[in-house]
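Encoded as structure tokens, the structure appears first; notes follow it.
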Amino acid sequence: MVTHMQTPPIAYCPGSFDPITNGHLDIISRASRVFGTVIVAVAESAQKEFLFALEERVELCRTVCAHLPNVEVQSFSGLLVEAASQAGASVIIKGLRQALDLSHEGPMTYMNRSLRPEIETVFMLSSPECTYISSSLIKWVCSMGGEIEAQVPAAVAQRLRERLGKA
Ligand code: PNS
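Residue numbers (this note's numbering): -1 to 165.
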């Protein structure tokens, strides 16, 4: 007899999402099949310069995640682990495209674990077709008039071209 049934875990999926890409969507949609709820958590972060304002990044995430019923989109500021805890999440989910990502994510994971040991960070490997997708590269290519349709949803591609003057 199973005696340890619990409510399905809430996973917190943080990022800048400037803008959300097919790589993010790959991780979010696969996580939504594993966890009860996935919260896409858009970072406010005063330390970074973004192309899109926080409200626009949230809106684009909501638009492209609308077909995933157990995915919610929120913004957050301050420490990731505190925001995840306040949202009731027991898991932080991160996508890894390549080994270099782990060298960046590893120290943050250990720090987050020391701050909030009860929140587990779970890594998912990107699908092969998403390993080269990055918001920065997409913005660069789009700013020079290159095709970005294979890397971002149509709504994001349109918004990028409008913002970067390539519409
Ligand atoms: O998409 P990004 O830019 O790689 O996302 C980075 C993000 C938002 C996950 C990271 O900057 C973060 O965790 N910010 C919250 C502030 C925080 O908790 N910093 C300490 C981490 S050890």
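Note that the Cβ used here is the ideal one computed from N, Cα and C, for glycine as well. Predicted, not measured: the structure shown is a model, and the values here were computed from it.
(request) Consult DSSP for SER75 and reduce its assignment to one of helix, strand or coil. (result) If DSSP states are grouped into helix, strand and coil, SER75 belongs with coil.
(request) Spell out the partners DSSP gives GLU70 in its beta bridges. (result) Paired residue(s): ILE37.
(message) Strictly by DSSP, which residues pair up with GLU118?
(response) Beta-bridge partners of GLU118 (DSSP): VAL89.
(request) Have a look at ARG60 and GLY163 and give me their C-alpha separation to the nearest angstrom. (result) Their Cα atoms are separated by approximately 24 Å.
(message) Three or more C-beta pairs under 8 Å: does that hold for the region 61 to 81 against the region 3 to 20?
(response) The region 61 to 81, when compared against the region 3 to 20, does touch it at the 8 Å Cβ threshold.
(message) Comparing C-alpha positions only, which one of GLY93, ARG111 and ALA9 sits nearest to LEU23?
(response) LEU23 has its Cα closest to that of GLY93, out of GLY93, ARG111 and ALA9.
(message) LEU78 and ILE90 - do their beta-carbons sit closer together than 8 Å?
(response) Taking C-beta atoms as the reference points, ILE90 and LEU78 count as a pair closer than 8 Å.
(message) Suppose contacts are defined by Cβ-Cβ distances below 8 Å. Is ASN68 in contact with VAL38 by that definition?
(response) The criterion of a C-beta distance shorter than 8 Å is not satisfied by ASN68 and VAL38.
(request) Compute the distance between the beta-carbons of ILE136 and GLN156, then report whether it is under 8 Å. (result) The answer is no: Cβ separation not under 8 Å.
(request) Express the C-alpha separation of TRP138 and ALA97 in angstroms, rounding to a whole number. (result) If I take the Cα positions, the gap works out to 23 Å.
(message) Going by C-alpha to C-alpha distance, which of MET106, TYR130 and SER133 sits closest to VAL120?
(response) Considering only alpha carbons, the answer is MET106.
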